[in-house]
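Residue numbers (my numbering): 30 to 147.
Have a look at this one:
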């Protein structure tokens, strides 16, 4: 779930901004979020105790980032340049992404620690 989301976030962010890169902090946060989520997921899969912590940080960061984007897009209204590129579903995609991140955070926080093989 986390690796799929991280890959989708990077792909979608690259696609949506390809011909019109905005001020660098506005798009860099998406790559930071994807990196935190991917690194946390990979560490968790390897059994590292830091994995779930980093993954929870990534999900929380992504939720905050998505909330800012969702609120900003609702307030600003439709962007005519981007509206055609994402078939008019930009706000819906952000809201869905925010729910996906909330689910990921809930699953990460409620995950059981791995059992010892002793």
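Glycine is no exception: its CB is placed at the ideal position from the N, C-alpha and C atoms.
Quick caveat: nothing in here was measured; it's all calculated off a predicted structure.
Minimum Cα-Cα distance from residue 126 among the listed residues 59, 46 and 54 corresponds to 59. Take the alpha-carbon of residue 90 and the one of residue 75: they are about 22 Å apart. The alpha-carbon separation between residue 44 and residue 78 amounts to approximately 34 Å. Residue burial annotation: residue 94 is buried, with at least 16 other C-beta atoms found within 10 angstroms of its C-beta. For residue 55, the uninterrupted alpha helix (DSSP H) segment begins and ends at 53-74. The beta carbon of residue 140 sits closer than 7 Å to those of 81, all from its chain and outside the five residues before and after it, given in chain order.
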